[in-house]
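Novice: Residue 0 is where the first sequence starts when you use numbering that gives the first Met the number 0, and the numbers rise one by one after that. Virtual Cβ for every residue (Gly too), placed ideally from N, Cα, C. Dumping the structure here so I can ask a few things about it.
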Amino acid sequence: MHIDFENELNAEQLAAVKAGDGPVLVLAAAGTGKTRTLVYRVAYLVEGGVPADHILLLTFTNKAAREMLDRARELVGPQVSGLWGGTFHHLANRILRRNAEALGYQVDYSILDSDDQRTLVKRIVEELGLKDKSFPKPDVLLSVFSYAVNTEQLVEDVAMDRFENHPVEVGDIVRVYHAYEDRKKNLNAMDFDDILTNCLMLLEGNEKVRERYQERFRYILVDEYQDTNSIQYKLVELLAAKHRNVLVVGDDFQSIYSWRGADFRNIINFPDKYEDAQVYKLETNYRSVPEILNVANECIAGNPEQFQKELRAVREQHRPPYVVRVGDGNQQADYIIDKIQEYAREGRPYNDMAILYRSHFHAMELQLNLTRQRIPYVITSGVRFFEQAHIKDACAIMRIIHNPADELSFTRLLGLLPGVGPKTVMKIWNLIDQRFSVANLTARLKVQDAMPKKAKPTWEKIDRIFQLVDEENLRKNPSEIVFLFNDIFYDQYAIETFDNYPRRSEDIEELINYCGQFDTLDEFLNELALVTNLEAEDAKGSEQQEDAVRLSTIHQAKGLEFGVVFVLWLTDGMFPSGRSLEELEGESEERRLFYVVTTRAKDDLHLMVPSYRRQRDGGVQYYNPSRFVQELDETLLSEVERGYF
DNA sequence: GTTTCGGTTCTTTTT
DNA sequence: GAACCGAAAC
0 MHIDFENELN
10 AEQLAAVKAG
20 DGPVLVLAAA
30 GTGKTRTLVY
40 RVAYLVEGGV
50 PADHILLLTF
60 TNKAAREMLD
70 RARELVGPQV
80 SGLWGGTFHH
90 LANRILRRNA
100 EALGYQVDYS
110 ILDSDDQRTL
120 VKRIVEELGL
130 KDKSFPKPDV
140 LLSVFSYAVN
150 TEQLVEDVAM
160 DRFENHPVEV
170 GDIVRVYHAY
180 EDRKKNLNAM
190 DFDDILTNCL
200 MLLEGNEKVR
210 ERYQERFRYI
220 LVDEYQDTNS
230 IQYKLVELLA
240 AKHRNVLVVG
250 DDFQSIYSWR
260 GADFRNIINF
270 PDKYEDAQVY
280 KLETNYRSVP
290 EILNVANECI
300 AGNPEQFQKE
310 LRAVREQHRP
320 PYVVRVGDGN
330 QQADYIIDKI
340 QEYAREGRPY
350 NDMAILYRSH
360 FHAMELQLNL
370 TRQRIPYVIT
380 SGVRFFEQAH
390 IKDACAIMRI
400 IHNPADELSF
410 TRLLGLLPGV
420 GPKTVMKIWN
430 LIDQRFSVAN
440 LTARLKVQDA
450 MPKKAKPTWE
460 KIDRIFQLVD
470 EENLRKNPSE
480 IVFLFNDIFY
490 DQYAIETFDN
500 YPRRSEDIEE
510 LINYCGQFDT
520 LDEFLNELAL
530 VTNLEAEDAK
540 GSEQQEDAVR
550 LSTIHQAKGL
560 EFGVVFVLWL
570 TDGMFPSGRS
580 LEELEGESEE
590 RRLFYVVTTR
600 AKDDLHLMVP
610 SYRRQRDGGV
620 QYYNPSRFVQ
630 ELDETLLSEV
640 ERGYF
């Protein structure tokens, strides 16, 4: 199949797609066809004779990678299939599974999600006798650890900074950190950060492995480069060291992940790092009407230290974005609902509209109102599909089968039994020498014996699953394991435990289906840990692509576009968030977030500015309009006032 | 000594 | 909605 690059791309895109070998930086402003450019670049390489399995495509979500691959396949055909595409974590995990032993892990290591991490740290704090009202909470500790790892600083230094004004011994925090590191090793488990750092360590320390991958990846493409942290930066640098064909795409204006160690200076400094780098700019915006782009251009102009880029509109004049002043959250909801119904009457599908916000809780009262008015919506909630209690319960049994040292899953599983709490679990866990192997009959009998009377009958049922796994090699059939677990035990448990049983039961059914596409437990568990909210949602309901309004945080809406966008709670303290303003360069990052949200809109943008919020205690909190709205030139906006404020 | 239950409090952003 | 705490129940 011949591809007509000249006609299907504009001059800016074409230049980037046809860039020669060597390092390339593509500065792609919002809505300028960044994805298109990457897809055509892949097609261009494959058509030029580069075998697809020598190309590496690193993206921000696995979904993005899949979409790009699908589009590339449409262009060039099945020969793109061997291409490696996915997130950094995905790639690192794949490399580690093949080489984990070199780092002292077993290949069946578990991946800890944030819930597991929290449980682990909580236990350590208790064990070290540090539990005290003034001692930082597990979440805070974990964010310090993670930030230190991802910015390659000492935990000590980050903690010193973070707790400057708190009466906390930094030494204690470091002790918790070391204990946490030890415990993970003992559990044969890695957290998200370990996956990246261990992969980097492996490549740095092992010449043979390093050279194998350096040889293999002749072309490396990196999407969203502005959101890479220094570990990811080093990974790319290392993998590209031999062939030096590294093409990175990004937009420093859209860097919104510095709180997890991302550093937009990676993209700013790319041309210094690679002196022979070719630089291309994409500035022609096909997405938004000029009125929206004016707002976007103006809001970002004040941020220092950036590549100068200007969004150029090609679309026709339309109308300026609205600033909507309302009283409280309910009036905000009323306005939005009216507008949505109006748009719907004009024939705009619901799924062309989005309601975006800074933090998940901003959307709560709106959800109630949407439900009441029967407006269909989908929400990417804060809790990920695979991290909901009932899903984790069902996965615990698979995880303990897979990794016998997985204490967290063992605890979780046994904790479901009646009359069994943390103490009993620990007693049993120690009794079997902290290893529960399905194949070890003695261990299984020991558990049986130690089980309190009340729990014995239930345990016997669950043990039957282990027996089946052992005898009939159910490891190849994750779907069957979950089915049995649910059938024999969990369904009944869920009826008694959850007041929203029907929904949870549906989720379990979906999980059983979802597992069906994996041939081994191993494969499924790998996928499980690294799948994002958006992807899980796709997986569970691909057949029911409903027409519904999307509710999402701005972070999760990255890369998406909608005809109409409503932005909630544009007040100082909510957006920009009060906490981020206390951080170094916090305001700049919030402003970039505002830039990201404005550039999601194609036709109409509604900036919602409530003036007060009722609090739990009955008091009322008043807000000033967001500085990001105030700094805009009034002539760029249309003002709407609604309700009492 | 443990588990379970009920009431209270709080919400940044995520691979 | 879920995490935490204290008190009742086993």
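Ordered along the chain, which non-local residues of its own chain (more than five positions away) have a Cβ less than 7 Å from that of residue 656?
Specialist: Shown here, the chain extends from 0 to 644; a query on residue 656 therefore has no answer.
Novice: Could you check whether the segment 166 to 180 touches the segment 90 to 98, counting it as contact only if at least three pairs of C-beta atoms, one from each stretch, sit closer than 8 Å?
Specialist: Counting Cβ pairs under 8 Å, fewer than three are found: no touch.
Novice: Mind checking residue 578: buried by the 16 CB within 10 Å criterion, or exposed?
Specialist: By the 10 Å Cβ count, residue 578 comes out exposed.
Novice: Does the segment 181 to 198 touch the segment 83 to 92, meaning 3 or more C-beta pairs lie closer than 8 Å?
Specialist: At 8 Å Cβ cutoff, the stretches touch.
Novice: Could you pull the start and end residues of the alpha helix (DSSP H) that residue 104 belongs to?
Specialist: Where residue 104 is concerned, there is no enclosing alpha helix (DSSP H), given that its DSSP letter is neither H nor E.
Novice: The alpha helix (DSSP H) with residue 231 in it runs from where to where?
Specialist: From DSSP, the alpha helix (DSSP H) with residue 231 extends over 229 to 238.
Novice: Name the residue from 46, 468 and 66 whose alpha carbon lies nearest to the alpha carbon of residue 78.
Specialist: Answer by Cα proximity: 46.
Novice: For residue 605, which residues does DSSP report across the bridge?
Specialist: DSSP output for residue 605 lists 321 and 565 as bridge partner(s).
Novice: What residues are listed by DSSP as bridge partners for residue 83?
Specialist: Answer by DSSP bridge pairing, in chain order: 55.
Novice: Cα separation between residue 4 and residue 44?
Specialist: Whole-angstrom Cα-Cα distance: 12 Å.
Novice: Check whether the Cβ atoms of residue 56 and residue 83 lie closer than 8 Å to each other.
Specialist: Yes, they are a contact pair.
Novice: Can you give me the C-alpha to C-alpha distance between residue 640 and residue 60, rounded to a whole angstrom?
Specialist: If you take the alpha carbons of residue 640 and residue 60, they lie about 39 Å apart.
Novice: So, using beta-carbon positions, are residue 75 and residue 40 closer together than 8 Å?
Specialist: Contact flag unset, no.
Novice: Buried or exposed: which applies to residue 632, given that a residue is buried once 16 or more other Cβ atoms fall within 10 Å of its Cβ?
Specialist: Counting Cβ neighbours within 10 Å, residue 632 comes out exposed, since fewer than 16 surround it.
Novice: Considering residue 256, what are the terminal residues of the alpha helix (DSSP H) in which it resides?
Specialist: Residue 256 -> no alpha helix (DSSP H), and no H or E assigned at all.
Novice: Keeping to the same chain, check which residues put their C-beta closer than 6 Å to that of residue 70; ignore five residues upstream and five downstream.
Specialist: Taken in chain order, the residues that qualify are 38.
Novice: How is residue 590 classed by DSSP in three states: helix, strand or coil?
Specialist: Helix at residue 590.
Novice: Would you mind giving the Cβ-Cβ distance between residue 613 and residue 252, rounded to the nearest angstrom? I have them listed as a contact below 8 Å.
Specialist: About 36 Å separates the two Cβ atoms, so there is no contact after all.
Novice: Excluding five sequence neighbours on each side, which residues of the same chain lie with their C-beta closer than 7 Å to the C-beta of residue 542?
Specialist: Any reading at residue 542 must be qualified, since the residue scores a pLDDT of 46, below 50, and its modelled position is unreliable; the value itself is stated next. Closer than 7 Å at the Cβ level, and outside the excluded window around residue 542, lies no residue.
Novice: From residue 126 to residue 24, what distance separates their C-alpha atoms?
Specialist: Each residue's alpha carbon lies about 50 Å from the other.
Novice: Helix, strand or coil for residue 18 per DSSP?
Specialist: In the structure shown, residue 18 sits in coil (DSSP, three-state: anything other than H, G, I, E or B).
Novice: What alpha helix (DSSP H) runs, 4 residues minimum, are completely inside the segment 277 to 313?
Specialist: List check, alpha helix (DSSP H) in window: 289 to 300.
Novice: Would you check if the distance between the CB atom of residue 430 and the CB atom of residue 445 is smaller than 8 Å?
Specialist: Contact flag set, yes.
Novice: How many angstroms separate the CA atom of residue 602 from the CA atom of residue 231?
Specialist: Whole-angstrom Cα-Cα distance: 36 Å.
Novice: Does DSSP put residue 146 in a helix, in a strand, or in coil?
Specialist: In this structure, residue 146 counts as helix in the three-state DSSP scheme.
Novice: When you compare only the Cα positions, how much space is there between residue 129 and residue 557?
Specialist: Approximately 40 Å between the Cα atoms of the pair.
Novice: If you count every other CB in all the chains shown that lies within 10 Å of the CB of residue 159, and 16 or more means buried, which is it?
Specialist: Per the 10 Å Cβ criterion, exposed.
Novice: Out of curiosity, what's the CA-to-CA distance linking residue 607 and residue 561?
Specialist: Computed Cα separation, rounded: 17 Å.
Novice: Are the segment 507 to 519 and the segment 476 to 489 touching by the rule of at least three beta carbon pairs closer than 8 Å?
Specialist: They touch, by the three-pair rule.
Novice: Output yes or no for whether 8 Å exceeds the beta carbon distance between residue 281 and residue 296.
Specialist: Their beta carbons are not under 8 Å apart, which means residue 281 does not touch residue 296 by this criterion.
Novice: Roughly how many whole angstroms lie between the Cα atoms of residue 48 and residue 222?
Specialist: Going from the Cα of residue 48 to the Cα of residue 222 covers about 22 Å.
Novice: Is the distance from the Cβ of residue 570 to the Cβ of residue 625 below 8 Å?
Specialist: Cβ distance < 8 Å, so residue 570 and residue 625 count as in contact.
Novice: Here's the rule I'm using: 16 or more other beta-carbon atoms within 10 Å means buried, otherwise exposed. How should residue 324 be labelled?
Specialist: Residue 324 should be labelled buried.
Novice: From what residue to what residue does the beta strand (DSSP E) around residue 611 run?
Specialist: Where residue 611 is concerned, the enclosing beta strand (DSSP E) stretches over 611 to 613.
Novice: For the pair the segment 200 to 212 and the segment 139 to 147, tell me if three or more CB-CB distances fall below 8 Å.
Specialist: No, the segment 200 to 212 is not in contact with the segment 139 to 147.
Novice: Can the beta-carbon of residue 406 be found closer than 8 Å to that of residue 186?
Specialist: Yes.
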